[in-house]
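Here's the structure, in structure tokens; my notes come after.
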Amino acid sequence: MESFSSWVAGSGQAILPLIGACVVLLAWALARRGSMRQYVGRITLDTALAATGLVACALTYGFPSMSFAGVDAELVPRVWAGLLVALAIVRLVRVFARKDSPDPEAGRLDKVLLLMALLVLKIIGITWVGYFVSAGLFVFVCGFLLGYRDLPRLALVAGGWVAFSYFVFYRLLSVPLPTGILLAAVLRR
């Protein structure tokens, strides 16, 4: 497991997201040509969510070892990633059982792919700038991309999420969230 952790902390940070993207593209290509053509958007989205969760979970093995009160820094990202994978699988099962409605005629797949890319950047960003900075930026940019243009309110929501994460996970549950390589270097000076 130690060699996998070393690989994830190095070149795995670029390779794992690329593998996830290839899986999503393969699912999209297969869904477009098969009998599930009318569900191609849902299949692509749910496959992307599952792949993102799996990649996020794998990337936590590259986190520096930090533990406090028996809780490791990987716990929170792994819980979120596990929930994301589980919910995506449930949605995929519903689609393949044809219990979900087909895709609408027109959609904005570009926004979906942009948000997925943003999520991958957030996951990679945790390693470099830490959980709090990457989570705050992620919430802010996601809100902006989804059409919310009230920037002060977006900043308040993003800051509220960071404050919530800090107080619940760091203070209340004593989960040491990653501070990131760059942020740790700046704070040490």
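Using the working numbering, the letters of the sequence shown map in sequence onto residues 176 to 364.
We treat Cβ as the ideally placed atom computed from N, Cα and C, and that holds for glycine.
Cβ pair residue i, residue j closer than 7 Å
i      : j      : result
Thr227 : Trp203 : no
Val350 : Phe342 : no
Ala248 : Pro353 : yes
Leu191 : Val230 : yes
Val316 : Leu358 : no
Met291 : Ala189 : no
Gly237 : Ser180 : yes
Trp336 : Val361 : no
Distance, residue j Cα to residue i Cα
i      : j      : result
Leu288 : Pro239 : 30 Å
Ala184 : Asp285 : 30 Å
Ser340 : Phe307 : 8 Å
Leu200 : Leu258 : 22 Å
Ala263 : Ala225 : 5 Å
Val260 : Leu326 : 31 Å
Asp221 : Ala196 : 13 Å
Arg253 : Thr235 : 7 Å
Ile356 : Ile299 : 11 Å
Leu293 : Met211 : 27 Å
Ala338 : Ala206 : 41 Å
Ile301 : Leu250 : 14 Å
Leu347 : Arg269 : 37 Å
Arg208 : Leu193 : 23 Å
Leu312 : Lys297 : 8 Å
Where the alpha helix (DSSP H) through residue i begins and ends
i      : result
Asp221 : 215-234
Leu290 : 284-320
Ala189 : 187-208
Ser340 : 326-340
Arg363 : 356-363
Residue i at chain B interface by Cβ criterion, 7 Å
i      : result
Ala261 : Chain labels in this structure do not include chain B; a single protein chain is all it has.
query = Can we say the segment 261-276 touches the segment 322-342, given the rule of at least three CB pairs closer than 8 Å?
reply = The segment 261-276 is not in contact with the segment 322-342.
Segment contact, 8 Å Cβ cut-off, at least three pairs: the segment 291-310 with the segment 209-216 = no
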